[in-house]
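K.L.:
In the numbering used here, each residue's number is its place in the sequence shown (first place is 1) plus 107. For every residue, glycine included, the Cβ atom is placed at its ideal position computed from N, Cα and C. Quick caveat, the model's predicted, so the values are computed rather than measured. Below you'll find the structure I mean.
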Amino acid sequence: MQTILKGGLFFSIFLVLAAFNPASDEPVGKVTFPLNRVFIIPEGSADLRMAYFNMDVFPGDKIETKRESRCEITLRNGDVVRIDENSIYTLEEVKAEEETIQASSMLSIGKLWATIRKIFSEDDYVTVKSPTAVIAVRGTIYRLDVEQDSSTTLKVYDGEVEVTPRSESTGSMQPPPQRQGPIGPPQDVAGPRDVQGPRDVSEAQWIEIVKAQQQIVIRTGGKMEKSDFDLVEDGKSDWVQWNKKRDELLQR
108 MQTILKGGLF
118 FSIFLVLAAF
128 NPASDEPVGK
138 VTFPLNRVFI
148 IPEGSADLRM
158 AYFNMDVFPG
168 DKIETKRESR
178 CEITLRNGDV
188 VRIDENSIYT
198 LEEVKAEEET
208 IQASSMLSIG
218 KLWATIRKIF
228 SEDDYVTVKS
238 PTAVIAVRGT
248 IYRLDVEQDS
258 STTLKVYDGE
268 VEVTPRSEST
278 GSMQPPPQRQ
288 GPIGPPQDVA
298 GPRDVQGPRD
308 VSEAQWIEIV
318 KAQQQIVIRT
328 GGKMEKSDFD
338 LVEDGKSDWV
348 QWNKKRDELL
358 QR
């Protein structure tokens, strides 16, 4: 009798735990390349779990790499994110299936490389935040560096991304500036002219499209500088070379 009662008690506990473990807690991807000291911190926990190959990752997980460590995460739809040493990256809200992706993540510090497949559905989106910027992606290869002072550098290798300053009060994307006053009658416009090189923009509200072989630096207060970058010189970086070799292994 005692055995039956204990069995019934354990079964009841199992049902209670299952009720608090909804289907939304299903993994959204896996760790496909952990190098050295890589840790996963589940949402709401302070425990550091050593990452291992094929380890499941869930929405809310924080991935932290120590010195001389790297990590590659492959989402269920095939998108790949890699972080370099001394980085902290959080999968804030992610819904990834074979044919769809709705993802919001955060790079607090360090370096990130992302290879994102082209997005076709209007309902799909991929956004990555840093302390100073919000990056909206619709299919591209890019890298993101976040320094100790929260300044952010974005370099695009393929495709294009949309960048806006991050609101300090809400952490959300700010709307683009609104046109002031009534719209007048059509007017003649000037012909072609030379454009300026790298420039600083101090206004807090702006929106920029960053295309392949372009970079943008965003500092605190929304100040940004946009310019081209040298692919050859950039390719000398060990971080860039490693990511390109990993990308060659992807079956797309």
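Thinking C-alpha only, which one of Leu261, Val244, Glu206, Tyr232 is nearest Leu251?
P.N.:
Leu261
K.L.:
Using 8 angstroms as the cut-off, can you tell me whether the stretch 131-144 makes contact with the stretch 156-163, which would need three or more C-beta pairs spanning the two stretches below that distance?
P.N.:
Flag = yes, the stretch 131-144 and the stretch 156-163 touch.
K.L.:
The alpha helix (DSSP H) with Asp345 in it runs from where to where?
P.N.:
345-355
K.L.:
Using beta-carbon positions only, say whether Ser237 and Thr259 come within less than 8 angstroms of one another.
P.N.:
yes
K.L.:
Under 8 angstroms, do Ser215 and Val253 count as touching if we go by C-beta distance?
P.N.:
yes
K.L.:
Below 8 angstroms CB to CB, which residues in the same chain sit around Thr207 once its five sequence neighbours on both sides are set aside?
P.N.:
Asn184, Ser228, Asp230, Asp231
K.L.:
Leu182 by DSSP, collapsed to three states: which one?
P.N.:
strand
K.L.:
For Ser279, is the classification buried or exposed, using 16 other Cβ atoms within 10 angstroms of its Cβ as the cut-off for buried?
P.N.:
With a pLDDT of only 41 at Ser279, under the threshold of 50, the placement of this residue in the model should not be trusted; the figure read from the coordinates follows. Ser279 should be labelled exposed.
K.L.:
Just how far apart, CA to CA, sit Glu315 and Ile148?
P.N.:
The straight-line gap from Cα to Cα measures roughly 33 angstroms.
K.L.:
Quick one: what's got a C-beta closer than 6 angstroms to Ser257's C-beta in the same chain, skipping five residues either side?
P.N.:
Pro238, Thr239, Thr327
K.L.:
Less than 8 angstroms between the C-beta atoms of Thr400 and Gly217, yes or no?
P.N.:
Missing from the structure shown is residue 400; the chain here goes from 108 to 359 and no further.
K.L.:
Could you give the DSSP three-state label for Asp132: helix, strand or coil?
P.N.:
helix
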